[in-house]
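Quick note: the sequence shown, position 194, residue 344 per our numbering, numbers continuous. Below is one structure; the comments refer to it alone.
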Amino acid sequence: MKYEVIAKDGLAKRAHMETVHGVIETPVFMNVGTVGAIKGAVSTEDLENIGTQVELSNTYHLHVRTGDETIKKLGGLHKFMSWNRPILTDSGGFQVFSLAGLRKIKEKGVTFQSHIDGRRIFMGPEESMQIQSNLGSTIAMAFDECPPALAEREYVKPSVERTTRWLIRCKKEMDRLNSLEDTVNREQLLFGINQGAVYADIRIEHAKRIAELDLPGYAVGGLAVGESHEQMYYILDEVVPYLPSEKPVYLMGVGTPANILEAVDRGVDFFDCVYPTRNGRHAHLYTGHGKINLMNAKYELDDRPIEEGCGCPACKRYSRAYIRHLLKAKEMLGMRLCVLHNLYFYNHLMKEIRDAIDCGCYSLYKKNKLAAMSEGEE
Ligand SMILES: [Zn+2]
Numbered sequence: 151m152k153y154e155v156i157a158k159d160g161l162a163k164r165a166h167m168e169t170v171h172g173v174i175e176t177p178v179f180m181n182v183g184t185v186g187a188i189k190g191a192v193s194t195e196d197l198e199n200i201g202t203q204v205e206l207s208n209t210y211h212l213h214v215r216t217g218d219e220t221i222k223k224l225g226g227l228h229k230f231m232s233w234n235r236p237i238l239t240d241s242g243g244f245q246v247f248s249l250a251g252l253r254k255i256k257e258k259g260v261t262f263q264s265h266i267d268g269r270r271i272f273m274g275p276e277e278s279m280q281i282q283s284n285l286g287s288t289i290a291m292a293f294d295e296c297p298p299a300l301a302e303r304e305y306v307k308p309s310v311e312r313t314t315r316w317l318i319r320c321k322k323e324m325d326r327l328n329s330l331e332d333t334v335n336r337e338q339l340l341f342g343i344n345q346g347a348v349y350a351d352i353r354i355e356h357a358k359r360i361a362e363l364d365l366p367g368y369a370v371g372g373l374a375v376g377e378s379h380e381q382m383y384y385i386l387d388e389v390v391p392y393l394p395s396e397k398p399v400y401l402m403g404v405g406t407p408a409n410i411l412e413a414v415d416r417g418v419d420f421f422d423c424v425y426p427t428r429n430g431r432h433a434h435l436y437t438g439h440g441k442i443n444l445m446n447a448k449y450e451l452d453d454r455p456i457e458e459g460c461g462c463p464a465c466k467r468y469s470r471a472y473i474r475h476l477l478k479a480k481e482m483l484g485m486r487l488c489v490l491h492n493l494y495f496y497n498h499l500m501k502e503i504r505d506a507i508d509c510g511c512y513s514l515y516k517k518n519k520l521a522a523m524s525e526g527e528e
């Protein structure tokens with residue numbers, strides 16, 4: 151892996167990351183395909199057409215349904231879903247803590263109930279690394295606990311200390327798995343995750359500790375889980391300077407276009423979020439002038455594309471009126487076109503961000519973009 155910062159504008163950085171599955175240009179928005187597919191009948195061929203650089207799959211979901219061992223037998227996740235660009239897998243931790251029923255956290259790991267069939271599953275750092283190794287993703291995430299945003303200090307501190315101990319175990323296990331002959335991707339990269347809820351001092355201490363482990367990349371986790379945007383920006387201001395600047399910084403689960411513009415300005419270069427897909431499935435579409443709700447009656451006779459000048463497969467060919475009609479008639483194509491437009495919008499936003507950093511005009515670009523988007527077409 152080679153990560154090279156090729157331009158900086160303030161704290162915003164523009165980098166080039168070479169992986170075994172190809173180059174990632176950052177800042178990048180990863181497109182979330184929970185179970186190895188983007189919800190909304192979007193294929194990997196579609197992803198290639200809308201400029202997706204990295205696909206993100208959820209370890210927990212693939213582990214409980216179909217199973218990582220089956221996927222390994224079929225040659226790994228890349229081959230299974232026919233996608234040859236980079237894939238990032240999360241650790242499963244977030245879903246274990248948010249989705250799964252009844253759970254018990256111990257030093258060794260977490261016992262929980264599958265949300266599919268209720269069976270008891272145990273997952274700790276070693277299990278998470280094994281599952282992600284079976285999937286053979288490009289980037290694997292460390293197994294951590296994501297405490298609720300409003301958790302008390304007394305809960306967060308020991309939780310973060312355990313997350314550090316878990317990270318050391320993840321690293322050891324990943325090194326072992328990468329050394330085995332039959333491992334799908336022997337160059338799998340491990341990113342560590344910073345936690346500490348909204349307590350800057352706990353987060354800074356943690357950032358310093360995990361930076362010492364010299365991992366290929368670092369994430370800021372546990373944000374966008376209920377705290378305000380201002381708190382999120384404050385935490386980024388405080389913590390990002392303590393993460394190695396010559397490594398990628400990933401802000402997990404974020405966010406709106408405005409969140410991304412602000413976080414890039416604070417040194418973040420990897421993002422993922424379900425907003426574009428989830429909103430697309432509900433006819434909420436992103437444009438340069440704010441979001442629109444295509445179900446509104448005023449679009450019934452609107453023969454313009456969702457957004458003039460947009461290069462996505464929906465806008466190149468179909469009108470607002472037609473897509474609205476499809477949605478009303480509950481034709482799957484309607485949802486699919488909306489998801490494609492929204493993902494294209496995010497991917498294209500990232501391209502504009504990269505271009506703005508390249509030319510040293512990021513501040514002005516951000517100001518204009520935020521102003522235009524807050525006009526709100528809705
Ligand atoms: Zn479009």
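Every residue, glycine too, gets a C-beta built ideally from N, C-alpha and C. Since we're looking at a predicted model, the values are computed, not measured.
{"Check": "Looking at C-alpha atoms only, which residue of K397, L161 and T437 is the closest neighbour of P407?", "Outcome": "T437"}
{"Check": "Taking contact to mean at least 3 C-beta pairs separated by less than 8 Å, is the stretch 223-232 in contact with the stretch 263-281?", "Outcome": "no"}
{"Check": "Are at least three pairs of beta-carbons, each pair with one atom in the stretch 334-346 and one in the stretch 375-382, less than 8 Å apart?", "Outcome": "no"}
{"Check": "What residue from V214, I237, E175 and R235 has the CA that sits closest to T268's CA?", "Outcome": "First, the residue type needs correcting, since residue 268 is Gly and not Thr in the sequence shown. Ranking the options by Cα distance to G268, first place goes to V214."}
{"Check": "Can you tell me whether Y368 is helix, strand or coil according to DSSP?", "Outcome": "strand"}
{"Check": "So, is C320 buried or exposed, given that buried needs 16 or more other C-beta atoms within 10 angstroms?", "Outcome": "buried"}
{"Check": "For the beta strand (DSSP E) holding Y153, just list the boundary residues, first then last.", "Outcome": "K152 to D159"}
{"Check": "The beta strand (DSSP E) spanning N181 covers which residue range?", "Outcome": "V178 to V182"}
{"Check": "What are the start and end residues of the alpha helix (DSSP H) that includes Y388?", "Outcome": "It should be pointed out that residue 388 corresponds to Glu in this sequence rather than to Tyr. Its alpha helix (DSSP H) spans residues H379 to V389."}
{"Check": "Mapping DSSP to helix, strand and coil, what is Y515?", "Outcome": "helix"}
{"Check": "I need the straight-line Cα distance from S469 to R504, nearest angstrom please.", "Outcome": "30 Å"}
{"Check": "How many Å lie between G243 and A471 at the Cα?", "Outcome": "42 Å"}
{"Check": "Any chance you could list the beta strand (DSSP E) runs of at least 3 consecutive residues sitting entirely within the stretch 235-303, in chain order?", "Outcome": "237-239, 251-255, 260-263, 270-273 and 289-291"}
{"Check": "Which residues mark the beginning and the end of the alpha helix (DSSP H) in which H166 is found?", "Outcome": "H166 -> not in any alpha helix (DSSP H); beta strand (DSSP E) instead, spanning A162 to T169."}
{"Check": "Please state whether DSSP places D218 in a helix, a strand or coil.", "Outcome": "helix"}
{"Check": "List the endpoints of the continuous alpha helix (DSSP H) containing H356.", "Outcome": "A350 to A361"}
{"Check": "Given the structure, does E276 come close to ligand 2, in the sense that its CB is under 7 Å from one of the ligand's heavy atoms?", "Outcome": "Ligand 2 is not among the ligands present in this structure, which contains only ligand 1."}
{"Check": "Report buried or exposed for K516, applying the criterion of at least 16 other Cβ atoms within 10 angstroms of its Cβ.", "Outcome": "buried"}
{"Check": "Taking 8 Å as the threshold, find out whether the stretch 456-470 comes into contact with the stretch 426-446 through three or more Cβ pairs.", "Outcome": "yes"}
{"Check": "Round the Cβ separation of P366 and M151 to the nearest angstrom and send it over; I've been treating them as touching at under 8 Å.", "Outcome": "5 Å"}
{"Check": "What is the chain-ordered set of residues for which the beta carbon lies under 6 Å from any non-hydrogen atom of ligand 1?", "Outcome": "I456, E457, C460, C462, A464, C465, H491 and Y494"}
{"Check": "Tell me which residue opens and which closes the alpha helix (DSSP H) that H228 is part of.", "Outcome": "L227 to M231"}
{"Check": "Should T209 and T288 be called a contact, given that it needs their Cβ atoms to be closer than 8 Å?", "Outcome": "no"}
{"Check": "How close, in whole Å, do the beta carbons of T220 and A290 come, if the pair is a contact with beta carbons under 8 Å?", "Outcome": "At roughly 19 Å, the Cβ-Cβ gap does not stay under 8 Å, so T220 and A290 are not in contact."}
{"Check": "Across which residues does DSSP place T437 in a beta bridge pair?", "Outcome": "G440"}
{"Check": "Starting from the Cα of D419, find the closest Cα among R164, Y153 and G259 and give me that residue.", "Outcome": "R164"}
{"Check": "Would you list the residues sitting across from L206 in a DSSP beta bridge?", "Outcome": "V182 and L238"}
{"Check": "Give the straight-line distance between the Cα atoms of G417 and A162, rounded to the nearest whole angstrom.", "Outcome": "5 Å"}
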